[in-house]
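Working notes, beginning with the structure itself.
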Amino acid sequence: MACHPAVANVIVWLFTPAVVSALRLHAVGGPSTFVSPSLPLVFSAPDNDALDGKQLCECIKKLSVLWHPLGVGCPEHSRLLEPASQSSWHRHNVSQIARILENRRVVFLGDSILVQEVQQLACLLEQSGQPYTLDFDQPHRKGHAKDMYALFHFQTHNTTLEFIGGGLQWEFAGKRPYNLANEVRQVVKTLGQRDVLEINSGVHENLESDILNNSVAVAHAVAATMPKNAKGPVVLWRETTPQHFQSSNGMYPGRGFGKPGRCSAMTPEMLLGKGLKGACRPECTHANIRNELTNPVLAESSVPILKVWQGLVPFYDQHLYAGDCTHWSRSVVHFLIETFLNGLEAVESSRRHAVSQ
1147 MACHPAVANV IVWLFTPAVV SALRLHAVGG PSTFVSPSLP LVFSAPDNDA
1197 LDGKQLCECI KKLSVLWHPL GVGCPEHSRL LEPASQSSWH RHNVSQIARI
1247 LENRRVVFLG DSILVQEVQQ LACLLEQSGQ PYTLDFDQPH RKGHAKDMYA
1297 LFHFQTHNTT LEFIGGGLQW EFAGKRPYNL ANEVRQVVKT LGQRDVLEIN
1347 SGVHENLESD ILNNSVAVAH AVAATMPKNA KGPVVLWRET TPQHFQSSNG
1397 MYPGRGFGKP GRCSAMTPEM LLGKGLKGAC RPECTHANIR NELTNPVLAE
1447 SSVPILKVWQ GLVPFYDQHL YAGDCTHWSR SVVHFLIETF LNGLEAVESS
1497 RRHAVSQ
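Residues 1147 to 1503 in the working numbering are what the sequence shown spells out, letter by letter.
Here is the structure:
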């Protein structure tokens, strides 16, 4: 498989031997657990039975009308993004995805990138032959904008996908997002042993003070409610993905700086927060400051972390369109879904191994 051109430019200085590892659960600096695809990531053709690109595209378009429109088109899905080394990476076709998620409630707490994951995952399950029902608002959730909540139910395999949205930018936009820290505490109590919770927080915050007040608070809530034994639900934290705005560190520079231009490749200077000479937009902080602040909090309580930031840094040309350097193409979203599935399988394999000892 050919390496993406952007990867070749950054692999020497970004992908050090210390971070190149096969997908597995492993201890890093103490009790923490990380689920990391091996690097670099490359494009490959999907298996014939993996997915129907046209059908998937039409489904995503329909959901964009019904729930949480992102205002983008849907080019045909012709490539998969995955690790170049797949010794411990499992690619799943739609039937396998349906079996993995059978008899599960899967809850996603986070931002609009998780919306992309939920929409595409719902469409993959539909492609496996499962019709679904979709509810936007339950009685106890009245008053919230419909794009802050969605519940998909697939009766054939008894699978539920639930999205609960939160984030500072949604507040600024006049929406009524959920308080993710509070939701984590409430949701975990309602989940069974086969159920799964994936959380992400960070991309809505561009200033270090906002990250500390919001995403770090969410991370502390996750750490405090992390199940202490294998009888609890699987809880996964997905790293915030990189942005590629023309700013000091790739993050969204904020309102008042004009219309964003084309997405920009990440330079070594941008990684350090020095991408603009004589300016700090939005701040001169590390490009990965969000994960640098949240990961240690989660590590202390052994919350499994889906590490995706570093692998996605080279793919500045895989955002949806010029000006939106946050949301991703369906190839990248598929990679995020596969990382979630591989992480779920890794955690459950680790649990079975622990029980057998």
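No residue lacks a Cβ here, since even glycine has one placed at the ideal position from N, Cα and C.
Inset, instruction - Any chance you could list the beta strand (DSSP E) runs of at least 3 consecutive residues sitting entirely within the stretch 1453-1477, in chain order? - result: 1465-1467, 1470-1474
Inset, instruction - Quick one: give me the first and last residue of the alpha helix (DSSP H) that L1326 is part of. - result: 1326-1336
Inset, instruction - Classify Q1332 as buried or exposed, calling it buried when 16 or more other Cβ atoms lie within 10 Å of its own Cβ. - result: exposed
Inset, instruction - Using beta-carbon positions only, say whether V1381 and V1449 come within less than 8 Å of one another. - result: yes
Inset, instruction - Alpha carbon to alpha carbon, how far is V1459 from L1418? Give it in angstroms, no decimals. - result: 13 Å
Inset, instruction - Let me know if L1280 comes out buried or exposed under the rule of 16 or more other beta-carbons within 10 Å of its beta-carbon. - result: exposed
Legend entry - Backbone CA spacing between V1253 and L1271 [nearest angstrom]: 15 Å
Inset, instruction - Spatial neighbours of P1183 within its chain, please: CB distance less than 7 Å, with the 5 preceding and 5 following residues excluded, ordered by chain position. - result: L1169, P1229, W1235, G1457, T1485
Inset, instruction - Please work out which residues of its chain come closer than 6 Å, Cβ to Cβ, to A1365, disregarding the five sequence neighbours upstream and downstream, and give them in chain order. - result: T1440, V1443, L1444
Inset, instruction - Can you give me the Cβ contacts of L1487 inside the same chain, cut-off strictly under 8 Å, excluding the 5 residues immediately before and after it? - result: H1236, H1238, I1243, I1246
Legend entry - the stretch 1253-1266 contacting the stretch 1320-1340, beta-carbon criterion three pairs below 8 Å: yes
Legend entry - Environment of A1268 [buried if 16+ CB atoms lie within 10 Å]: buried
Inset, instruction - Take I1357 and list the residues in its own chain whose beta-carbon comes closer than 6 Å to its own, dropping the five residues that flank it on each side. - result: E1351, R1436, L1439
Legend entry - Start-to-end residues for the beta strand (DSSP E) that takes in V1253: 1250-1256
Legend entry - Limits of the alpha helix (DSSP H) - the one that D1356 falls within: 1354-1359
Legend entry - Residue environment, S1495, which counts as buried when at least 16 other CB atoms sit within 10 Å: exposed
Inset, instruction - Could you pull out every residue in the same chain whose Cβ sits closer than 7 Å to the Cβ of T1431, ignoring the five residues on either side in sequence? - result: E1354, N1395, G1419
Inset, instruction - Taking L1482 as the reference, give the member of F1318, Q1265, R1497, K1200 with the closest Cα. - result: Q1265
Inset, instruction - Inspect the beta-carbon positions of L1466 and G1489 and report whether they are closer than 8 Å. - result: no
Legend entry - I1345 versus A1376 - alpha carbon distance: 19 Å
Inset, instruction - Out of G1400, A1363, T1305, F1298, state which residue places its alpha-carbon closest to the alpha-carbon of W1213. - result: F1298
Legend entry - E1491 versus R1340 - alpha carbon distance: 12 Å
Legend entry - Cutoff 7 Å; reference L1314; Cβ partners in own chain excluding five residues on either side: H1350, E1351, D1356, N1360
Inset, instruction - Find out if the Cβ-Cβ distance for the pair L1227, H1480 is shorter than 8 Å. - result: yes
Legend entry - When I1310, S1502, L1260, S1274 are compared against M1294, the one with the closest alpha-carbon: I1310
Legend entry - G1311 - containing beta strand (DSSP E), residue span: 1305-1311
Inset, instruction - Report yes if the C-beta distance between V1493 and E1385 is below 8 Å; otherwise report no. - result: no
Inset, instruction - Tell me whether the beta-carbon of R1225 lies closer than 8 Å to the beta-carbon of F1180. - result: no
Legend entry - Under the three-state DSSP convention, the category H1299 falls into: strand
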